[in-house]
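All remarks here apply to the structure that follows.
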Amino acid sequence: MAIQRILIVDDSPTERYYLTDILVRNGYSVSVAESGEEALAKIKADKPQLILMDVVMPGANGFQVTRSIARDPELQDVPVIICSSKNQETDRIWGMRQGARDYLVKPVDAAELLARIAALG
């Protein structure tokens with residue numbers, strides 16, 4: 001099933017706008033959350049088909065939220081792609097261990113993001 005509905009989780013208004021712009025121009029339906037807590041509430045209310053997750057946020061960080069999603073039987077089938085400025089290999093490995101399906105380093109390349117989404121769909 002092709003991915004249509006994507007939730008962007010990022011505390012940066014600039015980053016949310018940038019990712020939303022790329023996705024909407026390519027036909028995706030986008031919703032946004034500014035924190036991990038808001039993301040979990042939105043995911044449970046209106047289950048997206050994909051989540052783009054920042055790591056560094058106030059409150060619950062992206063690794064914690066990704067782990068919560070991966071461990072929840074109702075949500076674990078929703079893929080998470082971490083989009084973070086944390087660019088160390090250990091960050092990528094840790095993100096994948098928390099349950100992320102992919103890991104992109106900011107600034108996210110639009111073509112690469114779209115290719116990774118297509119590969120999941």
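According to full-length UniProt numbering, the sequence shown is numbered sequentially starting from 1. Glycine included, C-beta positions come from ideal geometry on N, C-alpha and C.
For residue i, report the span of its beta strand (DSSP E) as first-last.
i, result
"residue 104", "102-105"
"residue 75", "Note, residue 75: premise wrong, no beta strand (DSSP E); not H, not E."
"residue 22", "Segment 13-25 is the alpha helix (DSSP H) holding residue 22; no beta strand (DSSP E) there."
"residue 6", "5-9"
What do you reckon, are the CB atoms on residue i and residue j nearer than 7 Å?
i, j, result
"residue 49", "residue 116", "no"
"residue 54", "residue 9", "yes"
"residue 95", "residue 81", "no"
"residue 65", "residue 33", "no"
"residue 134", "residue 59", "The structure shown does not extend to residue 134, since the chain is modelled only from 1 through 121, so no value can be given for it."
So what does DSSP say about residue i, is it helix, strand or coil?
i, result
"residue 45", "helix"
"residue 114", "helix"
Just to confirm the assignment, what range does the alpha helix (DSSP H) spanning residue i have?
i, result
"residue 33", "Counting along the chain, residue 33 falls outside any alpha helix (DSSP H), though it belongs to the beta strand (DSSP E) covering 29-33."
"residue 51", "Taken as a continuous stretch (DSSP letters only), residue 51 belongs to no alpha helix (DSSP H), being part of the beta strand (DSSP E) at 50-53."
"residue 85", "Taken as a continuous stretch (DSSP letters only), residue 85 belongs to no alpha helix (DSSP H), as it is neither H nor E."
"residue 62", "62-71"
The ligand PLP and residue i: does the residue's C-beta get closer than 6 Å to at least one heavy atom of that ligand?
i, result
"residue 92", "Only the bare structure without any ligand can be found here, which leaves the ligand PLP out of the picture."
Figure out for me which residue from the options has the closest Cα to the Cα of residue i.
i, options, result
"residue 29", "11, 51 and 14", "51"
"residue 76", "15, 86, 21 and 101", "101"
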